[in-house]
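One line per chain: the protein sequences are A and B, in this order. Residues in the first sequence are numbered from 1 upward in steps of one, following the numbering used here. Residues in the second sequence are numbered from 346 upward in steps of one, following the numbering used here. The C-beta atom is built at its ideal place from N, Cα and C for all residues, glycine as well. Right, one structure below, let's go through it.
There are 2 protein chains.
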Amino acid sequence: MKIAIDAMGGDQGPAAAVEGTVAAARRYPDLELVVVGREEQVRPLLTDAPENVSFLHAEEVISPEDEPVRAVRRKARSSIVTAARLVKEGSCDAMLSAGNTGALMTAGLLIVGRLQGVARPALAPILPTVRGKGVLVLDVGANMDPEPSHLVQYAVMGNVYAEKVLGIRRPSIGLLNVGTEAGKGNRLVKETYPLLSRSPFHFIGNVEARDVFAEACDVVVCDGFVGNVLLKTLEGVGLGVFVQLKEMFTTSGAGKLAAVLMHRGLKEFRRRMDYREYGGAPLLGLRGLVVKVHGASNGRAFDVAIGQTRKFVSEHVTDLMQKRLKETAFASADNEGTRRAREEG
Amino acid sequence: MKIAIDAMGGDQGPAAAVEGTVAAARRYPDLELVVVGREEQVRPLLTDAPENVSFLHAEEVISPEDEPVRAVRRKARSSIVTAARLVKEGSCDAMLSAGNTGALMTAGLLIVGRLQGVARPALAPILPTVRGKGVLVLDVGANMDPEPSHLVQYAVMGNVYAEKVLGIRRPSIGLLNVGTEAGKGNRLVKETYPLLSRSPFHFIGNVEARDVFAEACDVVVCDGFVGNVLLKTLEGVGLGVFVQLKEMFTTSGAGKLAAVLMHRGLKEFRRRMDYREYGGAPLLGLRGLVVKVHGASNGRAFDVAIGQTRKFVSEHVTDLMQKRLKETAFASADNEGTRRAREEG
Chain A
1 MKIAIDAMGG
11 DQGPAAAVEG
21 TVAAARRYPD
31 LELVVVGREE
41 QVRPLLTDAP
51 ENVSFLHAEE
61 VISPEDEPVR
71 AVRRKARSSI
81 VTAARLVKEG
91 SCDAMLSAGN
101 TGALMTAGLL
111 IVGRLQGVAR
121 PALAPILPTV
131 RGKGVLVLDV
141 GANMDPEPSH
151 LVQYAVMGNV
161 YAEKVLGIRR
171 PSIGLLNVGT
181 EAGKGNRLVK
191 ETYPLLSRSP
201 FHFIGNVEAR
211 DVFAEACDVV
221 VCDGFVGNVL
231 LKTLEGVGLG
241 VFVQLKEMFT
251 TSGAGKLAAV
261 LMHRGLKEFR
271 RRMDYREYGG
281 APLLGLRGLV
291 VKVHGASNGR
301 AFDVAIGQTR
311 KFVSEHVTDL
321 MQKRLKETAF
331 ASADNEGTRR
341 AREEG
Chain B
346 MKIAIDAMGG
356 DQGPAAAVEG
366 TVAAARRYPD
376 LELVVVGREE
386 QVRPLLTDAP
396 ENVSFLHAEE
406 VISPEDEPVR
416 AVRRKARSSI
426 VTAARLVKEG
436 SCDAMLSAGN
446 TGALMTAGLL
456 IVGRLQGVAR
466 PALAPILPTV
476 RGKGVLVLDV
486 GANMDPEPSH
496 LVQYAVMGNV
506 YAEKVLGIRR
516 PSIGLLNVGT
526 EAGKGNRLVK
536 ETYPLLSRSP
546 FHFIGNVEAR
556 DVFAEACDVV
566 VCDGFVGNVL
576 LKTLEGVGLG
586 VFVQLKEMFT
596 TSGAGKLAAV
606 LMHRGLKEFR
616 RRMDYREYGG
626 APLLGLRGLV
636 VKVHGASNGR
646 AFDVAIGQTR
656 KFVSEHVTDL
666 MQKRLKETAF
676 ASADNEGTRR
686 AREEG
């Protein structure tokens, strides 16, 4: 199995990507990891890398400020585009990047290409939850104005991912809504609800945002705009809470003593709230695997994300998604036919 | 000034509403407060109430499970409908309720009625922020599928409310979005952005959910579905954090000692995250004032909400909103005319 890692994205520069790649390469000797980036910045970091890490030069860099579609079209020799091409051509099974999210989604869409039956891919991270179990949420920003059928596709893909990569038997799937009762919500979720009710999944109905954090279900389906707000509120509040705690623990002698007493507990708490522990966010619905690693990722985050990617590829998740998408298309067409026949006859 | 308080809503029953009403009545002798509810449950609680608290019997109760529109139509003698009628008839200036939110919104819409130029009212609570300043968010659930023009109406109303009730000079207004750059987001916010840019307000552009919590602006404008997710994520995470901290502080001797050391800091932190300290959520855009008090409210929350309501009424906020809405309608019609004239000429 061969995985391309874009070393040029992320706030911490190539060092974090290389550190994570080297750690993962040591842990999984069966992996071949290709680090893609600018030679002068990346090569020197690779001197101690094990043999299953190789390097590929990419002259250009897509910056966080670049306009995504233009950048992917014009910067053909950028690390993101180069890595996406490796996946497209089949010489790599997957790619990871902590760079410009929009450009990564564009490269996935335009270069790697969509699965049959997928209108728009979904960005699917695992968000932190209160007891550290995590919840798979899709979409968090790939598709801003989805149709009900897109949300059904998310459910199909999320279901496979949770089963195969996260190891959850018969994952519970919830529809993010403003109340738990059927009939609640905006036009999109009202129309999506009956479609999911008829699906073969373990659909538990509507879930409210507070219950998502309280681990009400394994997979949450929502539109990309709302999912992005959910993600960023969680991040913002998580960060805000730490700012507060830190202030408390450093402004007084009593606080400093309390910090010593609570050291282990706070560390564990921080770990649970830390998205980096939950790995990368795959772009589901593409013909190859493209994984977005959080921009603020350290080496550890890359390492976890590579481990997840390995699992994704070895479980043939993409093929299974394609199969299930076709079955679901059949199933819903079939239901539709049955219903119409019943009404007519 | 006369304010009606529905005593039958809320998880804590009539006791919380009465406690808050009595406290507010003592603090503001200029207020006349009318407690509305079932005689046998509410009367006994009012024995020690000051003279500016009166009682009005309402035979029926709308429960949290009641379907809103049906309940308002059929339960004409319920406390919510009775209080709304007092506002409609002008015998009360405002009403508060911790009951069924949907029913309260319906009563506001059908009984109290909308201001001219308002398509749908907005529910506008103050959400907790990291440093305790709070942020006014509208809408958080009154309008699930708004149009861009509705969001402009929210900005008009939020601006007046922040200025007059919260005492903020030239409040900064942000549009909730998935990124700060113009051109980001779904159809709704993309079309709303240029309208707000042309408005006379201190519009600071797009704000991300994490920046809302970090106090990036005074007023946030968003659709009711997204606003509800924002609200409930904040609540859910706030609650989750306390569950975690409590666990830490009670499972070990060191934790218990740390809790003693950190007592004041934790209390202050809790206060900042406690929505009850931020008062009630007015339904903005009605011809009278209807205030939703959180279902989990205690006496203190009712007390704070009544204080806010007093300020709202004494500052003639409803009249000012009506005036500004008309001006804005003029202004945008005018702009539209000017633009068309320019294009044509």
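The continuous alpha helix (DSSP H) containing B:Met502 extends over residues 493–509. For A:Phe302, the nearest beta carbon of chain B is not closer than 8 Å to its own beta carbon. Using a 10 angstroms sphere on the CB of A:Thr318, the tally of other CB atoms reaches 16 or more, which defines it as buried. Taking C-beta atoms as the reference points, A:Pro128 and A:Arg272 count as a pair closer than 8 Å.
Excluding residues up to 5 positions away in sequence, Gly10, Ser297, Asn298, Gly299, Phe302 lie with their Cβ nearer than 7 Å to the Cβ of A:Ala16 in the same chain. A:Glu191 has a beta carbon lying at 8 Å or more from every beta carbon in chain B. Closest in C-alpha terms to A:Gly280, from the list A:Ala94, A:Thr47, A:Arg287, comes A:Ala94. Residues of the region 205–222 of chain A with a C-beta less than 9 Å from any C-beta of chain B: Glu208, Ala209, Arg210, Asp211, Val212, Phe213, Ala214, Cys222, listed in chain order.
Residues of chain A with a Cβ closer than 9 Å to the Cβ of B:Val475 are, in chain order, Gly236, Val237, Leu239, Gly240, Val241, Val243, Gln244. CA-to-CA, the gap between B:Gly382 and B:Val367 works out to about 15 Å. Annotation note: the region 427–505 of chain B contains the following uninterrupted beta strand (DSSP E) runs of length 3 or greater, listed N- to C-terminal: 439–442, 480–483. Listed by position along chain A, the residues whose Cβ is nearer than 7 Å to that of B:Gly610 are Met248, Gly255. Taking C-beta atoms as the reference points, A:Ala4 and A:Gly307 fail to come closer than 8 Å. In terms of beta-carbon proximity, A:Gly141 lines the interface with chain B, with at least one pair separated by less than 8 Å.
In the three-state scheme derived from DSSP, where H, G and I count as helix and E and B as strand, B:Ile425 is classed as helix.
Secondary structure at B:Asp563: coil, using DSSP grouped into helix, strand and coil. 8 Å or more divides the Cβ of A:Asn100 from the Cβ of A:Ile126.
Scanning A:Ser54, A:Phe203, A:Val189, A:Thr192 for the CA closest to the CA of A:Glu32 turns up A:Ser54.
Secondary structure of B:Gly640 (DSSP, three-state): coil.
The Cβ of B:Asn504 sits no closer than 8 Å to any Cβ of chain A. Against chain B, the CB of A:Gly185 has a partner CB under 8 Å away; the residue lies at that interface. In summary, B:Arg418 is exposed, with fewer than 16 beta-carbon neighbours lying within 10 Å of its beta-carbon over all protein chains present. The C-beta of B:Asp484 has 16 or more other C-beta atoms within 10 Å across all chains shown, which makes the residue buried.
The beta-carbon separation of A:Pro14 and A:Ala124, rounded to 26 Å, does not stay under the 8 Å limit for a contact. Chain-order list of chain B residues neighbouring A:Ala258: Ala603, Leu606, Met607, by C-beta distance under 7 Å. Following the DSSP letters along the chain, one finds B:Pro627 inside the beta strand (DSSP E) bounded by residues 626–629.
Within 7 Å of the CB of A:Val69, no CB atom of chain B is found; the nearest one sits about 12 Å away. Contact note: A:Lys232 reaches chain B through Glu553, Ala554, Arg555, using a C-beta cutoff of 7 Å and chain order. Against chain B, the CB of A:Met144 has a partner CB under 8 Å away; the residue lies at that interface. By the criterion of a C-beta distance shorter than 8 Å, A:Gly179 is surrounded in its chain by Gly185, Asn206, Glu208, once the five residues flanking it on both sides are discounted. Listed by position along chain B, the residues whose Cβ is nearer than 7 Å to that of A:Asn228 are Val523. Cβ contact annotation for B:Asn522 (same chain, cutoff 6 Å, sequence separation greater than five): Lys529, Gly530, Val534, Asn551, in chain order.
Rounded to the nearest angstrom, the gap between the Cα atoms of B:Val426 and B:Glu364 is 22 Å. DSSP places A:Lys2 in the uninterrupted beta strand (DSSP E) bounded by 2–6.
The C-beta distance from A:Leu195 to A:Val152 rounds to 5 Å, short enough to fall under 8 Å.
If you draw a straight line from the Cα of B:Val658 to the Cα of B:Leu606, it comes to about 43 Å.
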